[in-house]
DNA sequence: GATGAATGAGGTTTCATTCAT
DNA sequence: AATGAATGAAACCTCATTCAT
C-alpha cells in the first residue's frame with residue numbers, strides 16, 4: 001500500500017503540507033518557521049514532528065508530488081522517437097505538470113539558493129537537466145541550445161511573471177506554451193540534418 | 001599616492017561588501033550570518049555595524065551598484081524613438097549591465113523570495129517592469145508580450161543556467177543576446193502597424 | 001495529591017515571576033537580564049520564552065497581580081456615596097492592596113521612567129488617576145487637591161522610605177495610613193458644602 | 001578656578017549636559033545611549049569622551065548642580081536654632097532648590113533604581129536623610145515622623161504629579177509648599193515639650 | 001495522535017568604551 | 001577639540017529539535 005501508517009491516513013498530514021507550502025511560497029523556506037505553521041494549524045510544533053521527521057522533510061514530501069509526473073514525462077519521452085513532434089509534446093505535458101503544482105513550483109523558482117543546499121536540490125536539477133538534454137540536439141549550435149534552454153525557462157518564468165500582461169490566465173498559459181514550442185522549433189530548424 | 005587624502009583610509013566598507021556578496025551568493029542571504037562575514041574579514045561583528053546600519057543595509061548598498069546602470073539605461077531608452085532598433089540596443093546594454101554585476105544578479109535570481117520581502121524587492125521589480133514596458137507594444141497580442149518578457153528572462157536565466165551548454169562564456173553570452181534580440185524582433189513583427 | 005491533575009505540573013512559570021520580581025526590584029528592570037533570571041532558576045533563557053513572549057511580558061504578568069485588587073477597590077468606591085467615610089475606607093483598602101504587593105510596588109516606584117514607556121505604564125497611571133479623582137472634590141481649592149494627591153503619594157513613599165524611622169513595620173504602616181486619612185479629612189473640611 | 005581645562009570653557013560641555021539631561025529625563029538613564037546624545041548634538045560619541053570620562057560622569061556633573069544649593073541649605077539650617085520657623089524656612093528654600101533644578105529632579109525621582117546603584121545615589125540619599133533628620137524631632141511619635149517625611153515627599157512628588165490638577169504652576173507650587181509647611185507644623189504640635 | 005516543557009545553538013543588534021590621528 | 005574606526009561584552013529573541021507523557 002502507498003499509505004505506510006494507516007489505511008485511512010490522518011488528514012493532518014495533508015493539512016500540514018498545505019499550510020507549509022502556502023507559507024514557504026509566501027515568505028520563503030527559511031523565513032517560515034515551524035511555529036508559524038503550527039500556529040496557523042492550531043496544533044503544537046511537536047505535532048509536526050509526529051508527521052514529519054524534520055522541517056526539510058515537509059519540503060521533500062511536497063517535492064515528491066512534482067517529481068512523479070515529471071518522471072513519467074521523462075520516461076515517456078525516452079520511449080518515443082527523438083523528433084520535433086516528441087519534443088513539442090514534451091513541452092505540452094510539462095506545461096500540465098507545472099500548472100498542476102504551481103505553488104510548489106513558484107516556491108522552487110523563488111528559493112533556488114535554499115533549494116540548492118537541500119536534498120531536493122539535486123533531484124530537481126537532474127530532472128531539469130534531463131528535460132533539457134532531451135530537447136536539444138547534441139551537436140547543435142550554441143544558440144540552438146540556448147533556445148531550448150530558454151523554452152524551458154520561459155515556461156518556468158511564465159508561471160508567475162505575467163502579472164503585467166493583460167489577458168485571462170488560460171490565454172497567457174497558452175501563449176507561453178506557444179512561444180516555447182516556437183523556440184524549440186527554431187532550434188530544430190537550425191540543425192542541418194546529417 | 002593614488003588616494004590623496006588618507007593614504008590608507010579604510011577600505012573595510014568595500015571589503016565587507018565584497019565578502020558579503022560572495023557569501024550571500026554562495027549560501028543565500030538568510031543562511032549567511034554576520035558572524036561569518038565578520039570572521040572571514042577578521043573583524044568583529046560590531047565593526048560591520050559601524051559601516052552598515054543593518055544586515056539588510058549591506059544588501060541595499062550592493063543593489064545600488066546595479067540600480068545605477070539600469071536607471072541610466074532606462075533613461076536613455078526613454079529619450080529614444082520607440083522602435084525595434086532602440087529595443088534591441090536596450091537589450092545589448094542590459095546585457096552589459098547584467099554581466100558587470102553578475103554575482104549580485106545571480107544572488108537576486110536565486111533569492112527572489114528573500115529579496116521580495118526586503119526593501120530592494122520593490123526597487124528591482126519596478127525596474128524590470130519598466131524595461132518590460134518599453135520592450136512590448138501596448139496593444140500587441142498576448143504572445144507578443146510573452147515573447148518580450150521571455151527575452152528579458154532568457155537573459156536573466158542565461159547568466160547561471162548555461163553550465164550544461166558547452167562553449168566559451170563570451171560565445172554563450174552572445175548566443176543568449178541573439179536569442180533575446182530575436183524574440184523581440186518576432187514580437188515586433190507580429191504587430192500590425194496602425 | 002494536593003494537585004489533582006498533574007502531580008508536579010510545572011511551577012516554572014510562577015518561579016520565573018518570583019525570581020524576576022526579586023531581581024527587577026533589586027537592580028531595576030533594564031539592568032536585570034534574562035540571562036540572570038534564567039541562571040538563578042537553572043533553566044535556559046529559551047525556557048523563559050516558552051512561558052513568556054517577551055521580557056516585558058513577565059513584567060506585565062506581575063503587574064496584573066496588582067491591577068486586580070485595585071480595580072476591585074475602584075469598583076467598590078464607585079458604588080458608594082461620595083463622602084469622607086468612603087474616601088477613608090478607600091485609603092484603608094488601598095493600603096492593604098499595596099502591602100500585599102509590596103515588592104512589585106517598590107519596583108514600580110523606583111523604576112518610573114522605565115515603567116512609563118512600557119505597556120503597564122498607562123495602566124498604572126490610569127488607576128492612580130482614578131483613585132485621585134475619587135478622593136478630591138471637583139471644585140475644591142488647589143491646596144485641597146494637593147492634599148489628596150499627597151495622601152496617595154504618602155502611601156506610596158511610605159512603603160520604602162521609612163527606614164530611618166524607628167518603630168515596627170506595622171506601627172509605621174498604621175502611622176502612614178493615619179497621616180493619609182488626616183490629609184483627606186483636611187481637604188474635605190476646606191470644602192464649603194454647596 | 002572652578003574650570004579645570006580652560007578659563008573660557010567650551011560650550012560643548014554644557015550642551016552635552018543639557019541634551020543628556022533632557023534625554024535622561026525623557027527616557028531614563030539606561031535607555032538613553034551615548035549615540036543618541038551624540039546624534040542630537042551632531043558630534044561623534046568620541047567627542048563626549050573628550051569632555052566626560054564615562055556616561056556616569058555626565059550624570060555626576062549634572063547632580064553637582066543640585067548638590068551645591070542643597071548643601072548650602074543644610075549648612076544654613078545647621079546654623080539656626082532648631083525650631084518650627086527654621087524648619088519652615090528650610091522647606092521654602094528647598095522648594096526653590098528643587099524648582100531651579102526641576103528636570104534633574106524629575107530624573108532622580110523617576111530613576112531611583114538606577115540612581116541607587118550609581119555613585120550619585122549615596123550622595124542624594126544622604127542629603128535627603130539630612131533634611132529629614134533636621135525636620136523631625138528625635139523622640140517624636142511615629143506619626144509625627146511620618147508627617148515630616150511626607151512633607152518632603154510631597155514636595156518631590158508635587159513637581160511632576162500635578163498635571164491633573166488645574167491651576168497655574170506657581171499657584172500649584174505654592175499650594176504644595178503650604179501643605180508641606182502644614183505637615184511639619186502638625187508634627188511639631190504633637191511633640192510635648194520636654 | 002498529539003502536547004507541554006525545555007534545550008542548545010545561534011541570530012541580529014546595541015552599548016559603553018578606546019585610541020591613533 | 002574632536003573624529004573615524006573598531007572592539008568586547010552582552011542584550012533580547014528565535015529556531016529546529018527532543019522527549020516523557
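Residue numbers (full-length UniProt numbering), protein chains in the order written: chain A, 1 to 194; chain B, 1 to 194; chain C, 1 to 194; chain D, 1 to 194. Built from N, CA and C at the ideal position, the CB exists for glycine as well. Note that the coordinates shown come from a computational prediction; the quantities given were computed from them, not determined experimentally.
Own chain partners of residue i with C-beta closer than 7 Å, once the 5 adjacent residues on each side are dropped
i: residue 181 of chain C; result: 88, 91
i: residue 58 of chain A; result: 16, 17, 20, 52
i: residue 40 of chain C; result: 19
i: residue 32 of chain C; result: 23, 24
i: residue 86 of chain B; result: 77, 80
Contacting residues, own chain, Cβ-Cβ under 6 Å from residue i (five flanking each side not counted)
i: residue 188 of chain B; result: 84
i: residue 107 of chain C; result: 24, 25
i: residue 12 of chain A; result: none
i: residue 118 of chain C; result: 56
i: residue 14 of chain D; result: none
i: residue 144 of chain A; result: 187, 190
i: residue 1 of chain D; result: Interpretation of residue 1 of chain D is limited by its pLDDT of 37, a score under 50 that renders its predicted location unreliable; the figure taken from the coordinates is listed afterwards. So the list is empty, once near-sequence residues are dropped.
i: residue 130 of chain B; result: 74
i: residue 140 of chain B; result: 191
Cut-off 8 Å between Cβ atoms - residues of its own chain near residue i, not counting five sequence neighbours on either side
i: residue 6 of chain C; result: Low confidence applies here, because residue 6 of chain C scores a pLDDT of 45, under 50, leaving its location unreliable; read the following figure in that light. None.
i: residue 162 of chain A; result: 172, 176
i: residue 196 of chain B; result: In this structure chain B extends from 1 to 194, so residue 196 of chain B is not present and cannot be described.
i: residue 167 of chain A; result: 175
i: residue 136 of chain A; result: 144, 145, 148, 149, 187
i: residue 71 of chain C; result: 127
i: residue 123 of chain B; result: 63, 67
i: residue 36 of chain B; result: 23
i: residue 43 of chain A; result: 12
Distance CB(residue i)-CB(residue j) smaller than 8 Å
i: residue 24 of chain B; j: residue 154 of chain A; result: no
i: residue 81 of chain C; j: residue 21 of chain C; result: no
i: residue 179 of chain C; j: residue 175 of chain D; result: no
i: residue 132 of chain A; j: residue 159 of chain A; result: no
i: residue 151 of chain B; j: residue 191 of chain B; result: no
i: residue 38 of chain C; j: residue 48 of chain C; result: yes
i: residue 156 of chain B; j: residue 109 of chain B; result: yes
i: residue 128 of chain A; j: residue 121 of chain A; result: no
i: residue 134 of chain B; j: residue 97 of chain B; result: no
Nearest-angstrom beta carbon gap, residue j and residue i [assumed within contact, 8 Å]
i: residue 165 of chain B; j: residue 146 of chain A; result: 7 Å
i: residue 94 of chain D; j: residue 66 of chain D; result: With a Cβ gap of about 11 Å, residue 94 of chain D and residue 66 of chain D do not count as contacting.
i: residue 50 of chain A; j: residue 111 of chain A; result: No, residue 50 of chain A and residue 111 of chain A are not in contact; Cβ-Cβ is about 26 Å, not under 8 Å.
i: residue 138 of chain C; j: residue 100 of chain C; result: Incorrect: roughly 31 Å between the Cβ atoms, too far for contact.
i: residue 113 of chain C; j: residue 27 of chain D; result: 7 Å
Only counting runs of 4 or more residues, tell me where the alpha helix (DSSP H) segments fall wholly within the stretch 124-177 of chain A, in order along the chain. 142-158
Looking at chain D, which residues of the stretch 95-118 of chain C have a Cβ within less than 8 Å of any of its Cβ atoms? 107, 109, 110, 111, 112, 113, 114, 116, 117
Which runs of the alpha helix (DSSP H) spanning at least 4 residues fall entirely within the stretch 78-127 of chain D, listed in chain order? Here the runs fully enclosed are 84-100, 102-110, 112-117.
The UniProt domain "HTH tetR-type" (10-70) of chain A: positions lying closer than 9 Å to chain B by Cβ: 24, 25, 26, 27, 28, 29, 30, 31
Note down, one range per segment and in chain order, each alpha helix (DSSP H) of at least 4 residues found wholly within the UniProt domain "HTH tetR-type" (10-70) of chain C. 12-27, 34-41, 45-51
Pull out every residue of the stretch 164-178 of chain B whose Cβ sits closer than 7 Å to any Cβ of chain A, in chain order. 164, 165, 167, 171, 172, 175, 176, 178
Tell me which residues of the stretch 124-140 of chain D have at least one Cβ-Cβ distance to chain C shorter than 9 Å, keeping chain order. 128, 129, 132, 133, 136
Using Cβ-Cβ distances below 9 Å, what residues of the stretch 73-95 of chain D are close to chain C? none
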